[in-house]
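Report on the structure given below.
Residue numbers (my numbering), protein chains in the order written: chain E, 1 to 165; chain P, 1001 to 1198.
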């Protein structure tokens, strides 16, 4: 199959782009395109699409640049607000899940009854004895306080953010 | 009040992060766009981009929505560009992806209606050829019968005058394939327009 193409296709395209094709174009290029299948295609398609582009660009109902800029700023600000609110919600959910897990463990220990209580108290006494001698006791107290107070703090923060405006 | 102020500071920082990702010390790239630069860029490109969206989707209303979305994504990316042409190609790439996303979501059949102002647009230097397309719907009907990639490629090449490299960059195809794909698309459109010779 013969290769469909001509080395002058680009010349025809550029002639259209610069407005030289046609009456003001050199006749030699015009005559060549009339007899060359590839260049004739280029001339036909370029003329059709260039005319369509001209008409569409003239008719394009685009909003003013200032309006577009203002809308983009507004949307970016709203997205930033939504992202911030999502971050707080995720952190709160994580804290609540942790508190719930610890509560389940404690309730489970309590439900073991007297034997469980005895075991728990022995374990707790051993733990406390170990922790008194190191820095872990203050850390444990801090963790317990955080677990207890964090859900309250998150709840307060979420009610401050409120729902969507 | 302190919480409100800290919240405003946080939002401003988030906006700055959304906008200014271009490296200020990179001398090979254009600086990030401030309002004036963006508005000037928009004035230069909005109409051609709208025309591209309208002719590849076949839907003027869709083009209105996609135009704003394209500029917002362009703005939000805050990407650094080596030149005005590179910036323009990036915008067209965003627009092309939006058109394709819309088509994947079943965004309606393509009906490429062209402005029916009753007269063909004047083509500088060749009013005779323009008259052959007296009814703009002839081209619209022909474009409808092309594949989306063919419409996009033909518009970029012959309406926008993009090079093969630019077309490859915008459409996400290999530059070495553009010539053959474009040639096939052009032949098909020419046949549909009924002007093929030989």
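Idealized CB from N, CA, C, for every residue including glycine.
Keep in mind that this is a model prediction, so the values were computed, not measured.
Problem set entry | Backbone CA spacing between residue 1072 of chain P and residue 103 of chain E [nearest angstrom] | Between the C-alpha atoms of residue 1072 of chain P and residue 103 of chain E there is a straight-line separation of about 47 angstroms.
Exercise. Could one say the Cβ of residue 41 of chain E lies closer than 8 angstroms to chain P's Cβ atoms, at least one of them?
Worked result: Output row for residue 41 of chain E: interface = yes.
Exercise. Counting only beta-carbon atoms, is residue 45 of chain E nearer than 8 angstroms to chain P?
Worked result: It does: the Cβ of residue 45 of chain E has a partner Cβ on chain P nearer than 8 angstroms.
Exercise. So does the segment 63–74 of chain E actually touch the segment 1185–1192 of chain P, counting three or more Cβ pairs closer than 8 angstroms?
Worked result: Result no; under three Cβ-Cβ pairs closer than 8 angstroms.
For this session: Give, in chain order, every residue of the segment 1041–1060 of chain P whose Cβ lies closer than 7 angstroms to some Cβ of chain E.
Result: For the segment 1041–1060 of chain P, residues whose beta-carbon sits nearer than 7 angstroms to a beta-carbon of chain E comprise 1042, 1043, 1046, 1047, 1048, 1050, 1051, 1054 and 1055.
Problem set entry | The alpha helix (DSSP H) enclosing residue 1048 of chain P, as first and last residue numbers | Annotation for residue 1048 of chain P: the continuous alpha helix (DSSP H) segment containing it runs 1035–1057.
Exercise. With distances taken from CA atoms, which of P:1144, P:1176 and P:1038 is nearest residue 1054 of chain P?
Worked result: Residue 1054 of chain P has its Cα closest to that of P:1144, out of P:1144, P:1176 and P:1038.
For this session: Can you say whether residue 1167 of chain P is buried or exposed, counting buried as having 16 or more other CB atoms within 10 angstroms of its CB?
Result: When all chains shown are included, residue 1167 of chain P counts as buried.
For this session: Count the other CB atoms, across all protein chains shown, that sit within 10 Å of the CB of residue 34 of chain E; report buried if there are 16 or more and exposed otherwise.
Result: The residue is exposed, with fewer than 16 neighbouring Cβ atoms inside 10 Å.
Problem set entry | Between the CA atoms of residue 81 of chain E and residue 1059 of chain P - distance to the nearest angstrom | Roughly 33 angstroms separates the two Cα atoms.
For this session: Following the continuous alpha helix (DSSP H) through residue 13 of chain E, name the residue where it begins and the one where it ends.
Result: Counting along the chain, the alpha helix (DSSP H) containing residue 13 of chain E begins and ends at 9–17.
Problem set entry | Nearest-angstrom Cβ-Cβ length linking residue 1046 of chain P and residue 62 of chain E, presumed shorter than 8 angstroms | Beta-carbon to beta-carbon, residue 1046 of chain P and residue 62 of chain E are separated by about 4 angstroms, close enough to satisfy the 8 angstroms threshold.
Problem set entry | Member of P:1057, P:1036, P:1080 and P:1084 whose CA lies at the smallest distance from the CA of residue 1155 of chain P | If we check each option's Cα against that of residue 1155 of chain P, P:1057 comes out closest.
Exercise. Do residue 1085 of chain P and residue 1029 of chain P have their CB atoms nearer than 8 angstroms?
Worked result: Not closer than 8 angstroms, so no.
Exercise. Since residue 1162 of chain P and residue 5 of chain E are thought to touch, with beta carbons under 8 angstroms apart, how far apart are those beta carbons, to the nearest angstrom?
Worked result: That belief does not hold up - the Cβ atoms of residue 1162 of chain P and residue 5 of chain E are roughly 18 angstroms apart, past 8 angstroms.
For this session: Could you check if residue 1048 of chain P is buried or exposed, using at least 16 other CB atoms within 10 Å of its CB as the buried criterion?
Result: A residue is called buried when at least 16 other Cβ atoms come within 10 angstroms of its Cβ; residue 1048 of chain P meets this threshold and is buried.
For this session: Answer yes or no: do residue 1158 of chain P and residue 46 of chain E have a C-beta to C-beta separation smaller than 8 angstroms?
Result: It is a contact, given that the beta carbons lie within the stated cut-off.
Problem set entry | chain E contact residues for residue 1079 of chain P, given Cβ-Cβ distances below 9 angstroms | Within chain E, no residue comes near residue 1079 of chain P; the closest Cβ sits about 15 angstroms away, beyond 9 angstroms.
Problem set entry | Nearest-angstrom Cα separation, counted from residue 1150 of chain P out to residue 1181 of chain P | Approximately 8 angstroms, taken between the alpha carbons.
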